[in-house]
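Notes follow once the structure below has been shown.
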Amino acid sequence: MKNKFIVIIFLLFACHEIVPRRPVNKMKSTFISQSAKLNKNRLLIEQKLFQKVIKLDPKKDFLYSPMGFMYSILEKKENKTKPVKGDLVEIKYKIEDINKNLLYSEEELNNLVFLVDREEIIPALREGVKVLSVGETGIFLFPSYLCYGYQGDFEKIAPNQPLRITIKLLSLTK
Numbered sequence: 001m002k003n004k005f006i007v008i009i010f011l012l013f014a015c016h017e018i019v020p021r022r023p024v025n026k027m028k029s030t031f032i033s034q035s036a037k038l039n040k041n042r043l044l045i046e047q048k049l050f051q052k053v054i055k056l057d058p059k060k061d062f063l064y065s066p067m068g069f070m071y072s073i074l075e076k077k078e079n080k081t082k083p084v085k086g087d088l089v090e091i092k093y094k095i096e097d098i099n100k101n102l103l104y105s106e107e108e109l110n111n112l113v114f115l116v117d118r119e120e121i122i123p124a125l126r127e128g129v130k131v132l133s134v135g136e137t138g139i140f141l142f143p144s145y146l147c148y149g150y151q152g153d154f155e156k157i158a159p160n161q162p163l164r165i166t167i168k169l170l171s172l173t174k
């Protein structure tokens with residue numbers, strides 16, 4: 001009888017629902033929201049800086065890109081074919097800071113050959129080449145998130161540094 005009583009009590013207490021476990025950390029995740037806010041502020045500052053740079057050079061007609069950069073085509077060509085994903089391109093380029101101080105010359109960087117949107121290069125070059133035709137040269141004002149971002153290149157390009165990159169599209173192979 002005593003054994004039956006113990007079994008019945010055990011069954012009564014053992015047949016309840018499992019309580020879901022709660023996370024140990026009850027703090028709200030604010031890091032992501034703070035990071036997003038900082039990045040939005042940084043972008044606004046960089047866009048205002050681009051506006052100042054453009055006003056200093058009124059002879060160039062700068063256009064806005066949906067990707068967030070600005071550009072001006074220096075040598076427009078009749079050929080309207082522009083690179084698309086998978087095309088093989090060869091470019092010559094130089095990198096300057098936003099105040100036209102040379103960081104990397106064309107000689108230091110050499111010509112770059114790559115497949116558009118298929119190779120690991122900085123987004124600035126991938127996106128910038130898409131607005132050029134063969135033989136055209138463009139001046140691009142890129143926000144830091146399209147260049148070397150929050151790390152820089154550990155040499156001449158500082159973290160979160162917007163850049164002025166001059167790109168010439170030398171060849172395009174479909």
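Using the working numbering, the letters of the sequence shown map in sequence onto residues 1 to 174. The C-beta atom is built at its ideal place from N, Cα and C for all residues, glycine as well.
For Leu44, report the span of its alpha helix (DSSP H) as first-last.
Residues Phe31 to Leu56.
Kindly identify the DSSP beta-bridge partner or partners of Ile8.
Paired residues: none, contrary to the question.
Any contact between the region 145-159 and the region 70-77? By contact I mean 3 or more CB pairs, one from each, below 8 Å.
No, they do not touch.
Out of Gly128, Pro20 and Tyr150, point me to the one whose CA is closest to Ala84's CA.
First, the residue type needs correcting, since residue 84 is Val and not Ala in the sequence shown. The option with the nearest alpha carbon to Val84 is Gly128.
Distance check for Lys40 and Asn111, CA to CA, integer angstroms please.
Using only the alpha carbons, I get a separation of about 34 Å.
Apart from the five residues on each side of it in sequence, which residues of its chain come closer than 8 Å, Cβ to Cβ, to Tyr104?
Excluding sequence neighbours, Tyr104 sits near Lys94, Ile95 and Lys156.
Quick one: residues in its chain with C-beta nearer than 8 Å to the C-beta of Glu46, no 5 flanking neighbours on either side, listed in chain order?
The residues are Pro143, Ser144 and Pro162.
Would you list, in sequence order, the uninterrupted beta strand (DSSP E) runs of no fewer than 3 residues that lie entirely inside the region 130-168?
Correct list: 137-142.
Given this structure, state the Cα-to-Cα distance separating Asp57 from Arg22, to the nearest angstrom.
Near 59 Å, if we compare the C-alpha coordinates of Arg22 and Asp57.
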